[in-house]
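Q: Residues 2 to 241 in this note's numbering are what the sequence shown lists, from first letter to last.
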Amino acid sequence: MKKKLIFILFFIVSTIFVNAQNFEQNVENKTFIQKIEHWYENNTNYSTITILMVAESSIFPVPSELVIPPAAYIASKDENNLNIFLVILFGTIGALIGATLNYFVLGKWIGRPLLYKFADSKVGHILLLSSEKLQKSENYFNKNGKISTFIGRFIPVVRHLISIPAGFAKMNYPTFALYTFIGAGLWNCCLALLGYLAHGQADLIEKYSHEFSITMGVLLILVIIYFVLKYFIRKGKNKA
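(1) Can you tell me whether Pro-114 is buried or exposed? The criterion is at least 16 other CB atoms within 10 Å of its CB, across all chains shown.
(2) Where are the alpha helix (DSSP H) runs, 4 residues long or more, that stay fully inside the segment 78-104, in chain order?
(3) Could you give the residue range of the alpha helix (DSSP H) that holds Arg-113?
(4) Which same chain residues end up closer than 7 Å to Ser-149 when comparing Cβ atoms and leaving out the 5 residues on each side of it in sequence?
(5) Measuring alpha carbon to alpha carbon, tell me which residue in Phe-233, Gly-196, Ile-226 is nearest Glu-66.
(6) Around the C-beta of Phe-86, are 16 or more other C-beta atoms found within 10 angstroms, so that it is buried, or is it exposed?
(7) Return the CA-CA distance between Val-88 and His-161, expressed in angstroms with no decimal places.
(8) Could you give the DSSP three-state label for Thr-49: helix, strand or coil?
(9) Suppose contacts are defined by Cβ-Cβ distances below 7 Å. Is Thr-51 in contact with Ile-94 by that definition?
(10) When DSSP labels each residue in this structure, what does Val-158 get in the three-state scheme?
(11) Hey, is the segment 115-122 in contact with the segment 68-81, meaning 3+ C-beta pairs nearer than 8 Å?
(12) Could you check the C-alpha separation between Ser-132 and Leu-194 for me, to the nearest Å?
(13) What does the Cβ neighbour count give for Asn-189, buried or exposed, with the cut at 16 atoms within 10 Å?
(14) Quick check: what's the CA-CA separation for Asn-84 versus Asn-43?
(15) Quick one: what does DSSP say Asn-140 is sitting in, helix, strand or coil?
(16) State the Cα-Cα distance for the pair Asn-81 and Ser-58, rounded to the nearest angstrom.
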């Protein structure tokens, strides 16, 4: 297992540096940011926004920060057909659908014992779940009550898991849906505003996109190293 992880780490790091070299030799001279922007423009629509936000509000690790701001950035461009208000609306609908799945499927139907067991399984860890995270969300819900399904939409980690303890507690669904929709809508408005403001700084972003590419590559490597080391440390503690 250790050899596999080292190989995967080496492969990812090598790929990043190879892509960095290709980046410099790109015939069309496109920057990293321009490539990402071009991909988003070709693939982002109201359906993909909704689907990604369904995943974001369920147990899949899809940050809303990587969905709404880029979509709003594209929508703010005159030549694009996306509407920034519809981006917020469909993103919020997706968040409500994902939260509803958590509420019914995980919270009410699967239930607490099985879900906690799943969170500490290998699959659960791949999805970045843990019993500690579930417990944190449950404690927050128990402490703050129904309003936590609204406030929790603004809190990292709690945001996409708060619907689960609401299901455990069999919270009134219309109230849950209302709080979730308003909280997710306000959060998406904040994210959309960031995307809109970023469009106003498009020239500055393009000017420093090469430096940004290198920074993102270095950060990615550091994150990968962190998780690999964390895995080995946790494995060592379990053996001890």
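A virtual CB, placed ideally from N, CA and C, is assigned to each residue, including glycine.
A: Taking the coordinates as given:
(1) exposed
(2) 85-102
(3) 113-120
(4) Tyr-141, Phe-142, Ile-163
(5) Gly-196
(6) exposed
(7) 19 Å
(8) helix
(9) yes
(10) coil
(11) no
(12) 34 Å
(13) buried
(14) 15 Å
(15) helix
(16) 27 Å
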